[in-house]
Structures are given as C-alpha cells and as structure tokens.
Amino acid sequence: TMEVLARAKEAGKIRALGLSNTTPEEIALASEIAEPEGFQAQYNLFERGIEASVLPHARETNTGCMCWGPLHKGILTGRVVAGRTFDEVDARRRAPWWKKVDHTPQIDAVAAVRPEVESAGHSLLELALAHVLADPGMTTALCGVRNLGQLESAVKALENLPPADLLDYARTVTAKAVQ
157 TMEVLARAKE
167 AGKIRALGLS
177 NTTPEEIALA
187 SEIAEPEGFQ
197 AQYNLFERGI
207 EASVLPHARE
217 TNTGCMCWGP
227 LHKGILTGRV
237 VAGRTFDEVD
247 ARRRAPWWKK
257 VDHTPQIDAV
267 AAVRPEVESA
277 GHSLLELALA
287 HVLADPGMTT
297 ALCGVRNLGQ
307 LESAVKALEN
317 LPPADLLDYA
327 RTVTAKAVQ
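Per this note's numbering, residue 157 is the first one in the sequence shown, and the count goes up by one each step.
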C-alpha cells in the first residue's frame with residue numbers, strides 16, 4: 157500500500173502520505189518506503205496508547221498528528237451519563253462498538269473530576285481538549301460536532317484551557333478507567 161501511495165505522490169496525484177491507527181512497527185516499515193507526513197489516531201483521557209508510540213515519533217520527526225475521539229463519544233464532556241438514550245440517527249444507539257462496552261468506569265471518572273474542574277473555572281470540554289493538545293506532537297484535535305452551537309463551544313473552549321496541575325489531577329483520576 158505504501159508503495160502505491162508513494163508512487164501516487166511522485167506522480168502528483170496526492171499531496172501527502174499519512175498513517176492512521178498505526179503502530180511504531182508499521183511506522184518504521186512505512187518509513188522505509190516514504191516518510192509519513194502525518195498521523196491520525198484515537199486519543200483522549202481514556203485512550204492513551206499513542207503517548208508511548210505515535211506521539212514520540214511525531215515529536216522526533218516534526219510530523220503532524222491528528223487525534224480523533226478527543227471527547228470519547230461525549231463522555232468527556234459530561235453530556236453522556238448513565239442511562240442516557242440517544243436519538244434514532246445517533247450511531248451510539250445501535251453500534252456494537254458502543255453498546256457492547258460498559259462505559260460506567262469512564263462516566264464515573266468524569267463525574268469524579270467534574271467538581272474540581274468546574275471549581276477551577278473550567279469545563280469538561282476545556283479539560284478534554286487541553287489533554288490532547290498539551291503534547292507538542294499533537295497538532296489537531298478532530299471533534300465530532302453535530303451543530304453550530306457545539307462548534308462554537310469547542311472553539312471557545314480553546315480560549316480557556318486548564319493549567320497543567322489540573323490536567324495532572326484529571327489524568328490521575330481517569331487513569332483508573334483507561335481502556
């Protein structure tokens with residue numbers, strides 16, 4: 157696959173090569189053919205695997221990295237709580253990747269950090285975005301917004317990111333619920 161993409165780039169058919177949901181071993185193999193120019197991976201307070209794999213490589217090579225799922229399907233915003241029902245068009249209503257997983261540990265961890273976060277003048281959205289953007293290897297957080305209000309809230313949250321000590325506290329609490 158990487159050979160085909162490298163040839164397509166050389167021919168001017170694509171602008172850049174990137175890898176998604178990859179491992180250090182796959183990055184090394186791909187790099188033998190062409191150096192990836194970007195990475196994309198799931199990353200949030202509960203999904204931290206890339207901290208020891210993709211992010212170090214992104215920092216070392218000055219390669220951009222985009223994360224998907226920084227809000228962990230709404231759990232990290234506090235909007236998804238135990239017993240929440242979803243609209244008919246919402247994939248969480250029917251998708252096996254959502255329905256077959258017990259989200260209680262993550263929901264409970266968010267409930268535990270919420271008072272400290274809010275008493276410091278921050279929102280859970282600000283906390284979630286601050287976590288993923290704190291690493292210099294992470295260049296973009298892809299937030300799945302559903303409407304203009306959510307987009308405006310996400311942009312506004314970037315103006316009030318919590319300090320490192322609050323992030324450390326939240327990381328400690330949520331580590332117990334890491335998947």
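Note that beta-carbon positions come from the ideal geometry of N, C-alpha and C, so glycine has one too.
Every value quoted in this text rests on a predicted model; they were computed, and no experiment measured them.
DSSP three-state assignment for residue i, whether helix, strand or coil
| i | result |
| --- | --- |
| residue 294 | coil |
| residue 176 | strand |
| residue 313 | helix |
| residue 321 | helix |
| residue 264 | helix |
| residue 247 | helix |
| residue 330 | helix |
| residue 256 | coil |
For residue i, the nearest candidate out of the options (CA to CA)
| i | options | result |
| --- | --- | --- |
| residue 269 | 329, 189, 310, 315 | 329 |
| residue 234 | 280, 313, 190, 315 | 280 |
| residue 162 | 220, 193, 179, 177 | 193 |
| residue 175 | 203, 211, 333 | 211 |
| residue 240 | 196, 195, 260 | 260 |
| residue 272 | 304, 325, 290 | 325 |
| residue 191 | 289, 158, 170, 177 | 158 |
| residue 290 | 267, 314, 305 | 314 |
| residue 177 | 331, 195, 164 | 195 |
| residue 331 | 168, 202, 187 | 202 |
| residue 276 | 180, 185, 321 | 321 |
Beta-carbon proximity list for residue i, same chain, < 7 Å, skipping 5 on both sides
| i | result |
| --- | --- |
| residue 301 | 307, 310 |
| residue 248 | 229, 242, 254 |
| residue 204 | 334 |
Presumed contact (8 Å Cβ cut-off) between residue i and residue j, rounded CB distance
| i | j | result |
| --- | --- | --- |
| residue 323 | residue 286 | 6 Å |
| residue 220 | residue 295 | 4 Å |
| residue 213 | residue 183 | 6 Å |
| residue 284 | residue 218 | At roughly 25 Å, the Cβ-Cβ gap does not stay under 8 Å, so residue 284 and residue 218 are not in contact. |
| residue 223 | residue 197 | 6 Å |
| residue 292 | residue 215 | 6 Å |
| residue 274 | residue 316 | Between residue 316 and residue 274 the Cβ distance is about 12 Å, and since that is not below 8 Å, they are no contact. |
Residues near residue i by beta carbon distance below 8 Å, same chain, minus five either side
| i | result |
| --- | --- |
| residue 263 | 231, 236, 237, 238 |
| residue 246 | none |
Cβ neighbours of residue i in the same chain (closer than 6 Å, five flanking residues each side left out)
| i | result |
| --- | --- |
| residue 278 | 318 |
| residue 206 | 197, 199 |
**Asked** If you scan the stretch 266 to 290 from start to end, which runs of the alpha helix (DSSP H) of 4 or more residues do you find wholly inside it?
**Response** With a minimum length of 4 residues, the continuous alpha helix (DSSP H) runs that stay inside the stretch 266 to 290 are 280 to 289.
**Prompt:** Which runs of the alpha helix (DSSP H), 4 residues or longer, sit entirely within the stretch 162 to 243?
**Reply:** Scanning the stretch 162 to 243 from its first residue to its last, the whole alpha helix (DSSP H) runs of 4-plus residues come out as 180 to 189, 210 to 217.
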